[in-house]
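Under our numbering, the letters of the sequence shown match residues 58 to 357, in that order. Quick reminder that beta carbons are idealized off the backbone N, C-alpha and C, glycines included.
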Amino acid sequence: MRRSTVSVTALVAGLASAAAAQNGTASCATGLHLIVARGTSEPKGAGVTGLLADRIERQIAGSRVAPLDYPATLSKPDYEDSVAAGVQAMRSAVEQYAQECPRSKVAIMGYSQGAQVSMDTLCGGTGAGFRSSTPLPAKLVKDNVVAIVLFGDPTHVANITYDRGTSVKDGIFQRDNGTVRTCEAYADRMVSYCDTGDIYCDSGEDNKVHGLYVPRYGDEVVKYVVGRYHDSVKGEGGGRNSSASSTATAAPTSSSATASATGARGSSGTASAAPGRFVADSSVYLALSSLALAALQALL
58 MRRSTVSVTA LVAGLASAAA AQNGTASCAT GLHLIVARGT SEPKGAGVTG
108 LLADRIERQI AGSRVAPLDY PATLSKPDYE DSVAAGVQAM RSAVEQYAQE
158 CPRSKVAIMG YSQGAQVSMD TLCGGTGAGF RSSTPLPAKL VKDNVVAIVL
208 FGDPTHVANI TYDRGTSVKD GIFQRDNGTV RTCEAYADRM VSYCDTGDIY
258 CDSGEDNKVH GLYVPRYGDE VVKYVVGRYH DSVKGEGGGR NSSASSTATA
308 APTSSSATAS ATGARGSSGT ASAAPGRFVA DSSVYLALSS LALAALQALL
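The structure is reproduced here in structure tokens:
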């Protein structure tokens, strides 16, 4: 009889564990859940931005990195369709995670096309040849998303409160005023990096600039995200698992940062002057990526 009781208890525990895994609650991060959207033509995974996400994961115990599963292509599917698929995937990922893990904190990171996907998801679609999209509910973002970090966003709008870097020009794709106003509501948790000369976010002429954000601003970004997480936990009275003390309370404001051993694998070019007319120079960035990534990962 005792053996039977033990067996039944074990069976019930197993079924409960399986049910939790099925509805996602078993995988809620006790630290920070980092959703990372890679740039155009980067291999599946978190891309170069994942190097920063990995550093953040190591500094906040119980965290995990969740690469966004979307095409990230210039063609097959076309850029516009790839962005639309990315927006749908990110919206689903954020909403489902918030529903299953309402007390868990989320950070969103996006590079190049991944930055546009992030902005369209959070603030609404750009229009101008792209599919319209409804922004995530503001309450969901305020309650669950503690940090948003973007690099080289083709829909960059200059001189906005959340802008970082040296750019004073708009990106190659227009973002309407309504979505900008929505984005500005998140200026306390959002930073968007764009430097002068970037051919996509600054409408510039320097291909190299688009691939330099991670080594240039890496330390600054890691400190910012870790600080934002700890501030959010403090605001709730603590109680979450972490291994680093609070390091920042405000968004970084410097136009440059010391290069760190985080990687220089810039995402590929995303687009030229209008949807459908794209610069086929992604191989330049990918060639740089493989060499830089191999060297820098050895330092991590």
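- Rounded to the nearest angstrom, the gap between the Cα atoms of P124 and D210 is 18 Å.
- In the displayed model, P272 falls within a helix according to three-state DSSP.
- Residue pairing by DSSP places A123 opposite I92 in a beta bridge.
- For K196, no beta strand (DSSP E) run applies; the uninterrupted alpha helix (DSSP H) run containing it begins and ends at A195 to N201, by DSSP.
- Proximity of the region 270-285 to the region 195-213 meets the contact definition, three or more beta-carbon pairs being nearer than 8 Å.
- For R285, the closest C-alpha among the options I229, N201 and V266 is that of N201.
- Counting the other CB atoms within 10 Å of its CB gives D263 a total below 16, which places it among the exposed residues.
- Here G228 is buried, its C-beta having at least 16 other C-beta atoms within 10 Å.
- Bounds of the beta strand (DSSP E) holding G167 are K162 to Y168.
- 8 Å or more divides the Cβ of L193 from the Cβ of R238.
- Rounded to the nearest whole angstrom, the C-alpha separation of T253 and G167 is 19 Å.
- A242 is a Cβ neighbour of A195, given a cutoff of 8 Å.
- Remark: C-beta atoms of V151 and V140 do not approach each other more closely than 8 Å.
- If the five residues before and after G119 are omitted, its C-beta is found closer than 7 Å to the C-beta atoms of A86, T87, G88 and N298, all from its own chain and listed in chain order.
- Take the alpha-carbon of M247 and the one of K133: they are about 31 Å apart.
- Distance from R95 to G171 at the Cβ level is roughly 5 Å; contact confirmed, criterion being Cβ atoms closer than 8 Å.
- Runs of the beta strand (DSSP E) spanning 3 or more residues and lying entirely within the region 173-257 occur at 202-208 and 247-250, in chain order.
- Annotated as proximal: Y281 and A204, with beta-carbon spacing under 8 Å.
- Pairing G181 with D138, the inter-Cα distance amounts to about 16 Å.
- When secondary structure is reduced to three states using DSSP, D135 falls in the coil class, being assigned neither helix nor strand.
- Each residue's CA atom was taken as its position, placing D177 and Y127 some 14 Å apart.
- For A129, there is no enclosing alpha helix (DSSP H), as DSSP marks it with neither H nor E.
- For T106, the enclosing alpha helix (DSSP H) begins and ends at T106 to Q116.
- Q173 counts as buried, since no fewer than 16 other beta carbons sit within 10 angstroms of its beta carbon.
- Here V214 is buried. Its C-beta has 16 or more other C-beta atoms within 10 Å.
- Per the coordinates, the alpha-carbon of V198 lies some 21 Å from the alpha-carbon of S169.
- Around the beta-carbon of Q156, fewer than 16 other beta-carbon atoms lie within 10 Å, marking it exposed.
- For the options L108, Y154, L131 and T106, the alpha carbon positioned closest to that of T97 is the one of L131.
- Between the beta-carbon of C240 and that of Y219 there is about 7 Å, and that keeps the pair under the 8 Å contact cut.
- In the DSSP assignment, D263 forms a beta bridge with D255.
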